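Everything below concerns the one structure shown next.
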Amino acid sequence: MVATLALLLATLRSTATLGPLLALAIGLMLVAALTLVPAILTILGRFSFWPFRPNYDVRSNDPAIADEEAHGIWSRVAGVVARRPVGVLVSTVTVFLVMSLGLLQFEQTYDQITGLPEGTESREGFELLREAFPAGELAPTDVYVRLPEGSDLFAPDTLARVDQVALALASTDGVSAVSGPSRPFGTGGGPGPDQVAAAAASLPVPVRDAIRAGEDPASGEPPSDPALGEAIALYAVSAGAVSRSGNVAALAVTLDENPYGPAALAMVPDLRQTAKDAAERAGLARDAVLVGGETATVFDTREANDRDTLIVLPLILLAIGVILALLLRSLVAPLYLLATIILSYTATLGISTFVFTTVLGQEGVSGGTPFFLFVFLVALGVDYNIFLMVRIREETGRYGLAIGTRRALGRTGGVITSAGLILAGTFGALMTLPLQDLFQLGFAVALGVLLDTFIVRSLMVPAIVLLLGRWNWWPGTAGVAGMASTTGTAQPVPTGD
1 MVATLALLLA TLRSTATLGP LLALAIGLML VAALTLVPAI LTILGRFSFW
51 PFRPNYDVRS NDPAIADEEA HGIWSRVAGV VARRPVGVLV STVTVFLVMS
101 LGLLQFEQTY DQITGLPEGT ESREGFELLR EAFPAGELAP TDVYVRLPEG
151 SDLFAPDTLA RVDQVALALA STDGVSAVSG PSRPFGTGGG PGPDQVAAAA
201 ASLPVPVRDA IRAGEDPASG EPPSDPALGE AIALYAVSAG AVSRSGNVAA
251 LAVTLDENPY GPAALAMVPD LRQTAKDAAE RAGLARDAVL VGGETATVFD
301 TREANDRDTL IVLPLILLAI GVILALLLRS LVAPLYLLAT IILSYTATLG
351 ISTFVFTTVL GQEGVSGGTP FFLFVFLVAL GVDYNIFLMV RIREETGRYG
401 LAIGTRRALG RTGGVITSAG LILAGTFGAL MTLPLQDLFQ LGFAVALGVL
451 LDTFIVRSLM VPAIVLLLGR WNWWPGTAGV AGMASTTGTA QPVPTGD
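In UniProt numbering, the protein residues as written are 1 to 497.
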């Protein structure tokens, strides 16, 4: 819940609004788990486990007997870890570091077109458009020039100011053409600001008002004077790039590159700087020029996502670290538990990047995948950490470190494995969807959950626990006081506890 609530600090509203929804769902599930589920189990009794019947055994305080009681595949795995903790830790960390090398080819993509399935009409249409026209025709970048209130945008001097901005943008590398009220047919040719201003001046005010009001200039009887007809047509095209208030001009900047590709996104800062500099030279305020459109929107989305990654994700780690320290009453355990989560994340992202780019031939990792992968892996990984570490602390206090760790892993391994498989299957279902963003998120989270379940919680964390011994609980003493205890009264405990 803490990880999801931290999303409220995100800059992107879509991410920030997702946090409370997830936290509410988790809270409702918590209430149900603490009230509804126990009530149902109490009513149904042993029938809840039908067709199986839970048995009871006797948990001895004698370490020798307790060691013999430990059974099952996870107890055997724990036995291997207990015999060779250094080898297990070194080998698992090495494997994860090798998997993390996939990050060397990591590259994020925000391309909505390549994220569509092959064969869709929209993607084929873009490919056809790119072959016949500049790729930027798909989504030109919009540049808005705001003039003082009451300005007549079609006055020669005002139109010349707007044209200065348009020409400056047209001279930028990677720009194919710029169209706007001063050059309605683009900077490549056709009438310029002088012709547009002359056409506007030649029209009666009622005609200009009618055109600005949206009335069709081609309706009614055609003008008897051909020059008047040309002026009406030119003014109508130019007025389409002017706001109803008459003081905002819209320039359409067509780029040579795919408007969603990295090359186009890299141009946005230069376009903004060029437009503001040109506006200043034209006697306008720098903030009178705004650059928007699809390319600028994707660029701003990427910048916000990068900011959230650098600020929100560390805050999530800090908050979870504090909770772990309070729960385990230790300053050491939270440090290596968070370190294993980070290592699991980098390994998952590394191997996912390799699969997406090298195996599947995709352009890169979808923009939001690394962020949400981290959130989900941290939230889920902490749950498994708590299951395992609390049980290790309890068992270690009764039977000592080696036997206690073996019993803890043996009794929680099945629960953690089952939960991990269910979660991996749930997120893996996203891989059946045709959209690349959802496919990548489903693959990465499912892979991360499996790595966390079968390697981190089963091998890496127990190995660290065995190597650190009583330092796991420093500066507390949990799990230490009972390490020397070898006798005591047997207590009946359910086998599946």
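Here a beta-carbon is modelled for each residue, glycine too, at the ideal position from N, C-alpha and C. Quick caveat: nothing in here was measured; it's all calculated off a predicted structure.
Residue 19 to residue 149 span [Cα, whole Å]
42 Å
Let me confirm a value: residue 34 is counted as buried when at least 16 other C-beta atoms fall within 10 Å, else exposed. Which label applies?
exposed
Work out the CA separation of residue 249 and residue 145 for me, nearest whole Å.
5 Å
Closest by CA to residue 270, which one among 193, 175, 294?
175
So what does DSSP say about residue 37, is it helix, strand or coil?
helix
Helix, strand or coil: which one does DSSP assign to residue 141?
strand
Are the CB atoms of residue 17 and residue 136 within a distance shorter than 8 Å?
no
Could you tell me the boundaries of the beta strand (DSSP E) in which residue 169 lies?
Unbroken run through residue 169 is the alpha helix (DSSP H), 156-170; no beta strand (DSSP E).
If you draw a straight line from the C-alpha of residue 127 to the C-alpha of residue 342, how long is it?
40 Å
Which partner residues of residue 179 appear in the DSSP bridge assignment?
252
Quick check on residue 76: does DSSP put it in helix, strand or coil?
helix
Please go through the same chain and pick out, in chain order, the residues whose beta-carbon is closer than 8 Å to the beta-carbon of residue 358, but skip the five residues on each side of it.
105
Residue range of the beta strand (DSSP E) that includes residue 31:
Careful: residue 31 lies outside any beta strand (DSSP E), inside the alpha helix (DSSP H) at 13-31.
Quick one: Cα of residue 442 to Cα of residue 123, how far?
Residue 442 and residue 123: Cα-Cα distance of roughly 23 Å.
Any 3 or more C-beta pairs closer than 8 Å across the region 159-168 and the region 256-272
no
Give every residue of the same chain whose Cβ lies closer than 6 Å to the Cβ of residue 346, excluding the five residues on either side of it in the sequence, and list them in chain order.
The residues are 100.
Of all the options 427, 384, 15, which has the alpha carbon lying nearest to the alpha carbon of residue 458?
The shortest C-alpha separation from residue 458 is found at 384.
Between residue 110 and residue 417, which are expected to be in contact by the criterion C-beta below 8 Å, what is the C-beta distance as a whole number of angstroms?
Actually they do not touch by this definition, with Cβ atoms about 36 Å apart.
Taking one C-beta from the region 456-470 and one from the region 378-398 each time, how about it: are there three or more such pairs within less than 8 Å?
yes
Less than 8 Å between the beta carbons of residue 308 and residue 371, yes or no?
yes
If you count every other CB in all the chains shown that lies within 10 Å of the CB of residue 98, and 16 or more means buried, which is it?
exposed
Closest by C-alpha distance to residue 332, when choosing among 317, 237, 474
474
How many Å lie between residue 6 and residue 116 at the Cα?
31 Å
Considering Cα atoms alone, identify which of 213, 364, 171, 461 is closest to residue 391.
461
Beta-carbon proximity check, residue 232 vs residue 205, cutoff 8 Å:
no
Would you report the Cα separation of residue 10 and residue 424, rounded to the nearest angstrom?
26 Å
Roughly how many whole angstroms lie between the Cα atoms of residue 355 and residue 437?
Using only the alpha carbons, I get a separation of about 14 Å.
Classify residue 458 as helix, strand or coil using the three-state DSSP reduction.
helix
Taking only the alpha-carbon atoms, compute the straight-line gap between residue 85 and residue 320 and give it to the nearest angstrom.
26 Å
With a threshold of 6 Å on Cβ separation, who are the neighbours of residue 179 within its own chain once the five nearest residues in sequence on each side are excluded?
186, 252
Secondary structure of residue 344, DSSP reduced to three states
Reduced to three states, the DSSP call for residue 344 is helix.
Are residue 409 and residue 25 close, meaning C-beta to C-beta below 8 Å?
no
Take residue 434 and list the residues in its own chain whose beta-carbon comes closer than 7 Å to its own, dropping the five residues that flank it on each side.
Closer than 7 Å at the Cβ level, and outside the excluded window around residue 434, lie 117.
Can you pull the DSSP bridge partners for residue 291?
143
In the DSSP output, what is residue 475 paired with across the bridge?
330
Put residue 109 into one of helix, strand or coil per three-state DSSP.
Reduced to three states, the DSSP call for residue 109 is strand.
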